[in-house]
Amino acid sequence: MEPGKGKMRRTSSNLLLRITDICKVHSVGVAENVAGKPKVDSTGGSSEDGADLKVHPHQISDHESCSGSSIARYEEAVVEKLLDAISGLKLAYVKVQQAHVPYDPEKIAVAELEELERSNMELKEKIDQRATHREKSFDIGKEASIDMFVGLFESSSKHIHDFTKLVVGWIKVSGWDLDISKFSIDKSVVYEKRSHKKYGVEAYFARAMLMGTKEEYFSMDSYDHVMSFKDPFDALMEAPNSAFGRFCREKYLVAVPWSMEDSFFGNLDHRVFVERGGHPRTQFYQTFARMARYVWALLTVARYLKPRAEMFFVRTGVQFQKKHMESVPAKLTTEEAKISVGFTVMPGFKIGCTVIRCKVYLSKLNAQDF
Numbered sequence: 001m002e003p004g005k006g007k008m009r010r011t012s013s014n015l016l017l018r019i020t021d022i023c024k025v026h027s028v029g030v031a032e033n034v035a036g037k038p039k040v041d042s043t044g045g046s047s048e049d050g051a052d053l054k055v056h057p058h059q060i061s062d063h064e065s066c067s068g069s070s071i072a073r074y075e076e077a078v079v080e081k082l083l084d085a086i087s088g089l090k091l092a093y094v095k096v097q098q099a100h101v102p103y104d105p106e107k108i109a110v111a112e113l114e115e116l117e118r119s120n121m122e123l124k125e126k127i128d129q130r131a132t133h134r135e136k137s138f139d140i141g142k143e144a145s146i147d148m149f150v151g152l153f154e155s156s157s158k159h160i161h162d163f164t165k166l167v168v169g170w171i172k173v174s175g176w177d178l179d180i181s182k183f184s185i186d187k188s189v190v191y192e193k194r195s196h197k198k199y200g201v202e203a204y205f206a207r208a209m210l211m212g213t214k215e216e217y218f219s220m221d222s223y224d225h226v227m228s229f230k231d232p233f234d235a236l237m238e239a240p241n242s243a244f245g246r247f248c249r250e251k252y253l254v255a256v257p258w259s260m261e262d263s264f265f266g267n268l269d270h271r272v273f274v275e276r277g278g279h280p281r282t283q284f285y286q287t288f289a290r291m292a293r294y295v296w297a298l299l300t301v302a303r304y305l306k307p308r309a310e311m312f313f314v315r316t317g318v319q320f321q322k323k324h325m326e327s328v329p330a331k332l333t334t335e336e337a338k339i340s341v342g343f344t345v346m347p348g349f350k351i352g353c354t355v356i357r358c359k360v361y362l363s364k365l366n367a368q369d370f
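If you use the UniProt record's numbering, the sequence shown corresponds to residues 1 to 370, in order.
In structure tokens:
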């Protein structure tokens with residue numbers, strides 16, 4: 001029995017030594033922990049934990065010795081597997097720590113400072129670009145402002161045309177009669193094609209949007225801010241009662257007849273919402289807002305140009321002149337001698353000696369002098 005007990009004691013001692021060795025994990029490249037550690041007595045146990053423990057001897061029988069040997073071997077195998085797993089974790093932990101070696105606080109601080117300086121430079125470049133854009137936007141009275149005005153004129157014309165296409169599409173779906181609507185043009189105008197009546201609708205919206213607007217709606221102080229939004233509806237949501245917001249509401253009520261809205265949607269919800277100071281989040285109103293923003297920007301810049309931009313229309317029946325007019329569609333007929341202006345689709349502008357041609361629909365009428 002004595003040899004058996006000796007083997008068990010050696011096995012337990014070996015396992016204890018291996019566990020102790022595995023648990024000796026030191027941080028790599030990190031300051032050591034200077035906190036106090038519990039003292040360990042000569043047996044390897046904590047003096048605090050074992051202070052109150054008492055060991056009671058127990059006599060082991062032959063049967064218990066054999067059973068104990070089997071259990072010990074089984075436990076040893078289990079513990080060996082556990083120790084192998086712990087050893088793998090220890091090795092992985094050491095490798096992770098070594099991956100961060102050498103740990104140099106000064107180099108890390110320098111790297112972080114360089115990253116901050118790079119971010120600061122990028123931010124400064126963005127600020128400088130915005131400042132340059134702002135200077136160009138407010139550079140009124142120079143040639144660049146005229147170029148900007150011409151660009152706004154083309155954008156306004158395009159968005160009025162786009163909104164007209166949307167309205168014409170709704171007219172076809174709803175069955176609204178163009179001939180009896182307020183979009184109708186002088187009955188003396190002869191259309192080459194029935195589809196050309198859409199230019200009459202476009203002319204109506206251009207006149208409604210560009211004419212009869214209050215001066216209080218235009219300010220260069222808010223020009224850059226409104227134009228900085230990718231979607232003008234976001235500008236309306238941010239400041240519904242701004243100069244641009246009030247311009248949108250007034251122009252919607254003027255340009256969109258209640259009878260047309262009722263025919264399109266079966267109700268007047270848009271109009272009621274606008275009258276109460278809101279901006280409906282619908283495709284129809286958002287398309288209107290895109291048109292309204294460019295018209296608002298055009299009229300704003302027109303008032304701050306030196307000399308001030310002046311709008312002009314061409315009367316029905318005036319002979320077509322390429323110097324001041326542009327035909328839409330581009331070419332009506334080859335008999336130019338018999339062609340005269342049916343109506344102005346998009347008004348033109350005069351800025352001193354500079355002329356931005358108006359867009360006109362040509363018709364076979366008795367020509368008059370311009």
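For every residue, glycine included, the Cβ atom is placed at its ideal position computed from N, Cα and C.
M237 sits exposed, since fewer than 16 C-beta atoms from the chains shown fall within 10 Å of its C-beta.
Shortest Cα-Cα distance from H196 to any of A289, F320, V168, Y217 involves V168.
Separation of F247 and E117 (C-alpha to C-alpha, rounded to the nearest whole angstrom) is 44 Å. With a contact defined as Cβ atoms closer than 8 Å, G200 and F343 qualify at about 7 Å.
Between the beta-carbon of P347 and that of M311 there is about 5 Å, and that keeps the pair under the 8 Å contact cut.
Residue state for V167 is assigned as helix, using DSSP reduced to three classes.
Sixteen is the threshold: since fewer than 16 other Cβ atoms of the shown chains lie within 10 Å of the Cβ of S119, the residue is exposed.
In the displayed model, T300 falls within a helix according to three-state DSSP. In the DSSP assignment, L253 falls within the unbroken alpha helix (DSSP H) covering 243-255.
For a cut-off of 8 Å, the C-beta gap from P232 to R293 is around 4 Å, short enough to register as a contact. Shown here, L362 sits in a strand according to DSSP, grouped into three states.
Residue state for E117 is assigned as helix, using DSSP reduced to three classes. According to DSSP, T344 shares a beta bridge with V360. Boundaries of the beta strand (DSSP E) around E310: 310-312.
Each residue's CA atom was taken as its position, placing D269 and Q283 some 14 Å apart. When DSSP states are grouped into helix, strand and coil, M325 belongs to the strand group. Excluding residues up to 5 positions away in sequence, I160, V345, M346, P347 lie with their Cβ nearer than 7 Å to the Cβ of A206 in the same chain. When secondary structure is reduced to three states using DSSP, F265 falls in the helix class.
By the neighbour-count definition (other C-beta atoms within 10 Å, threshold 16), G277 is an exposed residue. When secondary structure is reduced to three states using DSSP, K197 falls in the helix class. Around the beta-carbon of S259, fewer than 16 other beta-carbon atoms lie within 10 Å, marking it exposed. In this structure, the CA atom of N267 is about 17 Å from the CA atom of V254.
In its chain, beyond the 5 residues on either side, F343, V345 have a beta carbon closer than 6 Å to the beta carbon of A203.
Of L305, Y285, Y74, A85, the smallest CA-CA separation from M220 is found for L305.
Assignment of V189 by DSSP, reduced to helix, strand and coil, places it in the coil class. The C-beta of G245 has 16 or more other C-beta atoms within 10 Å across all chains shown, which makes the residue buried.
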